[in-house]
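Written out below as structure tokens is the structure these notes cover.
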Amino acid sequence: MSDEVTQQLWTGRFYNDGINSHDGLFDKLREECGVFGVFGHSEAANLSYYGLHALQHRGQESAGICVANGTDFNYHRGMGLVKEVFNNDNLGTLTGSNSIGHVRYSTAGESKLANAQPLIFKYRGGDLAIATNGNLHNAGDIKKELEAQGSIFQTTSDTEVVAHLIARSKHDDIALAVKEALLRVEGAYAFLFLTRDKMIAARDPHGLRPFVMGRLGNGYLFASETCAFDAVGGTYYRDVEPGELLVLDNKNGLVEDRFSPIRQRAICAMEYIYFARPDSDIDAINIHSARKRMGRQLALESFVDADVVTGVPDSSISAAIGYAEQTGIPYELGLIKNRYTGRTFIQPSQELREQGVKMKLSAVRSIVAGKRVVMIDDSIVRGTTSLRIVNLLREAGATEVHVRISSPPFKNPCFYGIDTPDRKELIAAQKSIEEIRRAINADSLHFLSKEGLLASIGRPNVELNRGHCTACFDNSYPTRVTEESSIGCGCD
Ligand code: SF4
């Protein structure tokens with residue numbers, strides 16, 4: 001291997017290339033970002049560090065924390081994991097009782113510090129920091145309009161569009177300016193805004209991305225997922241409701257307001273299937289339990305006689321346990337994930353890339369050899385990973401591999417903050433189920449029905465505030481989207 005290639009491997013370039021271009025090894029959908037906020041706690045920066053740690057699965061490219069204490073406004077951002085970006089020294093400079101933090105995963109392959117959040121702006125009201133998870137699909141149109149009126153943009157970020165709208169508002173009150181800005185934008189988002197003395201949390205009117213509020217002593221917490229509250233010893237208080245604007249300052253405490261009427265709720269179904277951590281709850285529904293029910297339902301819809309059930313770690317293990325419980329077929333750890341491969345294992349050649357899969361995932365020969373295996377996975381995006389895992393099991397001696405997917409076929413791109421390939425690259429948009437089965441070398445293949453999925457999640461669709469987004473399965477987008485709508489995350 002040439003020195004140049006070796007160096008590229010160790011610099012992580014191929015790691016990032018691989019993730020961002022949906023390399024076969026990482027043929028998974030990518031959650032884009034996680035946000036965490038603390039208001040009214042003297043350890044705000046340290047709490048943010050631990051909270052972001054718990055949200056690391058939502059973004060691994062960059063991390064940042066901004067802290068305010070009424071007079072000072074300090075921040076630190078960097079490329080890499082939370083534990084790589086922060087240390088005692090830089091955390092020690094972030095003094096103050098209010099903070100917002102962010103972990104980010106990029107969609108465009110740009111490893112740029114300039115895109116790391118929270119983004120910091122100066123406007124006539126002072127300092128403003130913004131952290132967001134989601135995507136604004138009309139940001140491009142608004143940006144063109146603002147540029148025509150003389151605005152100059154520093155980044156390609158949707159978040160900067162919101163900052164410009166706030167800066168141009170007639171309102172001096174930041175809460176009113178934020179409200180006005182949010183009425184202009186469309187999409188899916190959980191926003192945290194921080195000024196020297198205020199914090200504002202806002203969620204899109206459909207509630208597409210998860211966003212929760214917690215308590216810690218007399219302070220308030222905000223997070224993309226409840227697992228971050230557990231990490232800091234906080235407690236879940238309630239969800240930030242769709243269309244809601246929560247304003248916190250020392251004078252008035254918590255002021256609960258709205259910027260939009262509530263619209264048909266459309267929480268992302270993929271959060272339940274794959275994105276969120278199993279120990280998180282979304283709308284009081286535990287993710288692990290919901291995934292187990294998906295596995296049970298999958299068994300009811302597609303029983304197959306077999307010797308062992310195994311799940312693709314980590315996100316499919318809960319569904320595999322459910323499938324095993326329902327069928328009585330023993331659950332076994334037939335696939336083991338190596339957690340210590342680090343950032344270096346995406347290899348430039350096909351041959352080494354195959355080796356990379358084996359470094360990441362191993363089939364346990366003594367468990368699967370001579371056995372008929374049911375392999376549970378949460379989704380198939382391009383199909384390349386499924387093929388490799390099926391082949392791993394066959395090489396380890398499995399006599400049959402029956403693939404069961406705990407979600408419906410993923411056929412349509414997401415416009416709401418999830419990095420998805422073009423429709424033409426989504427295998428379920430291009431092939432029949434039988435063709436996919438052949439492409440991934442499985443003995444049989446079944447996807448969970450949409451009805452089965454919704455029943456498993458257990459949030460009835462009938463009430464105004466209880467619905468889901470299932471657009472990537474059924475092409476039914478809860479907001480107006482066009483071919484020009486940007487795909488991916490507005491964090492870029
Ligand atoms: S399109 Fe799919 S991934 Fe995107 S928000 Fe809707 S359910 Fe989630």
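Residues 1 to 492, numbered by the UniProt record's numbering, are exactly what the sequence shown covers, in order.
Yeah, the Cβ is synthetic: ideal placement off N, Cα and C, and Gly gets one too.
Remember, it's a predicted structure, so these values are computed and weren't measured experimentally.
Report yes if the C-beta distance between residue i and residue j is below 8 Å; otherwise report no.
i           : j    : result
V161        : K143 : yes
T195        : A68  : yes
K292        : S316 : no
I376        : S406 : yes
L165        : I200 : no
V35         : H102 : yes
A320        : V304 : no
T418        : E32  : According to the sequence as given, residue 418 is Ile; it is not Thr. It is a contact, given that the beta carbons lie within the stated cut-off.
S44         : L91  : At residue 44 the sequence reads Ala, which differs from the Ser that was named. Cβ distance not < 8 Å, so A44 and L91 don't count as in contact.
D204        : D279 : no
residue 493 : N115 : Residue numbering for the chain in the displayed model covers 1 to 492; residue 493 lies beyond these limits and cannot be assessed.
L146        : Q297 : no
R459        : I285 : yes
A167        : C66  : no
H446        : R388 : no
Which stretch, first to last residue, makes up the beta strand (DSSP E) that contains residue i?
i    : result
H402 : 400-405
S62  : 62-68
C33  : 33-39
K337 : 335-337
K122 : 119-123
K112 : First-last for K112: undefined, no H or E at that position.
V82  : Element bounds for V82: not the beta strand (DSSP E) but the alpha helix (DSSP H), 82-85.
Y189 : 187-194
Can you name the start and end residues of the alpha helix (DSSP H) that residue i belongs to?
i    : result
E145 : 139-148
T385 : 384-395
R168 : 158-168
F473 : 471-474
H53  : 44-54
R291 : 287-301
I174 : 174-184
N88  : 88-92
T321 : The residue asked about is misnamed: residue 321 is Ile in this sequence, not Thr. Segment 317-327, the alpha helix (DSSP H) holding I321.
R365 : 365-368
How long is the line joining the alpha carbons of residue i and residue j, rounded to whole angstroms?
i           : j    : result
residue 535 : N138 : An answer regarding residue 535 cannot be provided, because it is not within the stretch 1 to 492 covered by the chain.
A398        : Y323 : 19 Å
T470        : A190 : 19 Å
A266        : G64  : 29 Å
V312        : H206 : 31 Å
D281        : P330 : 27 Å
Y237        : P118 : 24 Å
A306        : I287 : 27 Å
G452        : I433 : 18 Å
Y75         : I100 : 9 Å
Y15         : L176 : With a pLDDT of 27 at Y15, under the threshold of 50, the modelled position of this residue cannot be trusted, and the question is left open.
G243        : F153 : 27 Å
R263        : R423 : 28 Å
C472        : T95  : 43 Å
G187        : G140 : 12 Å
G51         : V38  : 10 Å
T479        : K170 : 28 Å
D149        : C227 : According to the sequence displayed, residue 149 carries Gln and not Asp. In a straight line, the C-alpha of Q149 is about 43 Å away from that of C227.
A429        : S302 : 22 Å
W10         : M79  : Residue placement at W10 cannot be trusted, given a pLDDT of 29 that sits under 50; the coordinates are not used to answer.
I346        : H468 : Because I346 sits at a pLDDT of 41, beneath the cut-off of 50, its placement in the model cannot be relied upon, and the point is left open.
G134        : E61  : 16 Å
A54         : R394 : 35 Å
L113        : E84  : 14 Å
S157        : S386 : 33 Å
I457        : K450 : 11 Å
F193        : S366 : 53 Å
S289        : K337 : 22 Å
residue 493 : D249 : Within the shown structure, residues of the chain are numbered from 1 to 492, placing residue 493 beyond reach of any answer.
Among the candidates the options, whose CA atom is the shortest distance from the CA of residue i?
i    : options                : result
L335 : G328, K360, Q326, I329 : K360
A276 : Q56, E241, S456, K198  : Q56
Y272 : L208, Y331, I329       : L208
E425 : G92, I380, L454        : I380
A163 : A148, A131, D474       : A131
N98  : G150, G219, N87, A167  : G219
L300 : Y274, I285, T327       : T327
D89  : I367, V255, Y49        : Y49
V401 : N412, M79, I285, G370  : G370
A455 : Y416, G214, S62, G295  : G295
Chain B beta carbons: is any one of them nearer than 8 Å to that of residue i?
i    : result
C469 : The chain inventory of the structure shown lacks chain B, comprising one protein chain alone.
Hey, which unbroken runs of the beta strand (DSSP E) at 3 residues or more fall wholly within the segment 407-468? Within the segment 407-468, the complete beta strand (DSSP E) runs of at least 3 residues are 444-447.
Residue ranges of each alpha helix (DSSP H) within the segment 214-289, 4 or longer: If we require 4 residues or more, the alpha helix (DSSP H) runs fully inside the segment 214-289 come out as 227-231.
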